[in-house]
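Asker: Quick one: this structure, given as structure tokens, is what I'll be asking you about.
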């Protein structure tokens, strides 16, 4: 395991083949936005608990979700079909249905806070620390981190998902739901947006039963890196295909 220097400037990372069997690659370093962009562009992400040093991961195999393969039950999909594309840039509103409004990047910080407060099975506390929230808000301001929000008819935020977009790859970080299936609405419209914009892959990082039920699958590290390299051929054109709607 590689120890990163405790320096304020952007850092580089060792080769991903140097990970532990669990996928741990490095310890330490910082959450500078350039460090995070460099990490994600190599398939590396931070994941640690409050009070721990920063832990950097590159798991093998990798849990991914192809945007066209998201699994939604027939009952829920029937409601999704009622949504219509709006695209109101002044309000970041993109979809509307009789039940919900779906927006992009309207309240990134609140989505992160709600994800941090959501209780998870077999997890004490949260890995979305205040330092993480501050770092990803900077990434959001730079045009690399994005959120999809779900609002009910009382204009209350009831679901959402956030992550990092590098080229044509979206690295999903976390999602939450305060009403039944609200997070699925966020995921479905994220995948719908990805298909429309020819994005290649939604990175789920590590497998869970919930993600499997939504269509996630495990792929070999080299196949994941092939997707990553293909997706980043678009990086020189713009930071991500999402930046134009912020």
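In our numbering, the protein residues as written are 1133 to 1378. Where is the CB? At the ideal position from N, CA and C, for every residue including glycine. As the structure is a prediction and not an experimental result, all values here were calculated from the model.
Put residue 1145 into one of helix, strand or coil per three-state DSSP.
Answerer: The residue given as residue 1145 occupies position 13 in the chain shown. It is coil, neither helix nor strand.
Asker: With a CB to CB cut of under 7 angstroms and the five nearest residues on each side skipped, what residues in its chain are close to residue 1291?
Answerer: The residue you call residue 1291 lines up with position 159 of the chain shown. Around residue 1291: 1282, 1308, 1309, 1310, 1311, 1314, 1315, 1317 and 1318.
Asker: Per the DSSP calculation, residue 1280 is bridged to which residue(s)?
Answerer: Stepping through the chain shown from its first residue, residue 1280 is reached at position 148. Answer by DSSP bridge pairing, in chain order: 1236 and 1293.
Asker: For residue 1206, which of 1185, 1169 and 1320 has the nearest alpha-carbon?
Answerer: One-based indexing of the chain shown puts residue 1206 at position 74. Among 1185, 1169 and 1320, the Cα nearest to that of residue 1206 is on 1320.
Asker: How many Å lie between residue 1361 and residue 1200 at the Cα?
Answerer: As a first step, residue 1361 must be located in the chain shown, where it is residue number 229. As a first step, residue 1200 must be located in the chain shown, where it is residue number 68. Distance between the alpha carbons of residue 1361 and residue 1200 is about 20 angstroms.
Asker: Less than 8 angstroms between the C-beta atoms of residue 1260 and residue 1247, yes or no?
Answerer: Taking the chain shown and counting its residues from 1, the one referred to as residue 1260 is at position 128. Taking the chain shown and counting its residues from 1, the one referred to as residue 1247 is at position 115. In this structure, residue 1247 lies closer than 8 angstroms to residue 1260 by Cβ.
Asker: According to DSSP, what are the bridge partners of residue 1309?
Answerer: Numbered from its first residue, the chain shown carries residue 1309 at position 177. Beta-bridge pairing links residue 1309 to 1291.
Asker: Do residue 1169 and residue 1178 have their C-beta atoms closer together than 8 angstroms?
Answerer: Stepping through the chain shown from its first residue, residue 1169 is reached at position 37. Stepping through the chain shown from its first residue, residue 1178 is reached at position 46. No, the pair does not count as a contact, with Cβ atoms beyond the cut-off.
Asker: Starting from residue 1354, trace the alpha helix (DSSP H) both ways and give me its first and last residue.
Answerer: As a position in the chain shown, residue 1354 is number 222, starting the count at 1. That run of the alpha helix (DSSP H) goes 1353-1363.
Asker: With a 10 Å radius around its C-beta and 16 neighbouring C-beta atoms as the bar for buried, classify residue 1149 as buried or exposed.
Answerer: Counting from 1 along the chain shown, the entry for residue 1149 is found at position 17. When all chains shown are included, residue 1149 counts as exposed.
Asker: If the criterion is Cβ atoms closer than 8 angstroms, does the pair residue 1244 and residue 1262 meet it?
Answerer: By one-based count along the chain shown, residue 1244 stands at place 112. By one-based count along the chain shown, residue 1262 stands at place 130. No; because the gap between Cβ atoms is not below 8 angstroms, this pair is not in contact.
Asker: Give the range of the beta strand (DSSP E) segment to which residue 1196 is assigned.
Answerer: If you number the chain shown from 1, residue 1196 lands on position 64. Where residue 1196 is concerned, the enclosing beta strand (DSSP E) stretches over 1194-1197.
Asker: Round the Cβ separation of residue 1202 and residue 1332 to the nearest angstrom and send it over; I've been treating them as touching at under 8 angstroms.
Answerer: Within the chain shown, the letter at position 70 stands for residue 1202. Within the chain shown, the letter at position 200 stands for residue 1332. Contact flag wrong, Cβ pair sits at about 14 angstroms.
Asker: In the structure shown, what three-state DSSP assignment does residue 1158 receive?
Answerer: Taking the first residue of the chain shown as position 1, residue 1158 is located at position 26. Residue state, collapsed to three classes: strand.
Asker: Could you tell me the alpha carbon to alpha carbon distance between residue 1159 and residue 1173, rounded to whole angstroms?
Answerer: Numbered from its first residue, the chain shown carries residue 1159 at position 27. Numbered from its first residue, the chain shown carries residue 1173 at position 41. Spanning the two alpha carbons is a distance of roughly 18 angstroms.
Asker: Measuring alpha carbon to alpha carbon, tell me which of 1189, 1180, 1155 and 1184 ends up nearest residue 1171.
Answerer: Stepping through the chain shown from its first residue, residue 1171 is reached at position 39. Closest by alpha carbon: 1189.
Asker: Tell whether a beta-carbon distance below 8 angstroms holds between residue 1194 and residue 1353.
Answerer: Taking the first residue of the chain shown as 1, we reach residue 1194 at position 62. Taking the first residue of the chain shown as 1, we reach residue 1353 at position 221. Yes, the Cβ-Cβ distance between residue 1194 and residue 1353 is below 8 angstroms.
Asker: Distance, Cα to Cα, residue 1364 vs residue 1286?
Answerer: Sequence index remark: in the chain shown, residue 1364 carries index 232 (1-based). Sequence index remark: in the chain shown, residue 1286 carries index 154 (1-based). When rounded, the distance between both Cα atoms is 40 angstroms.
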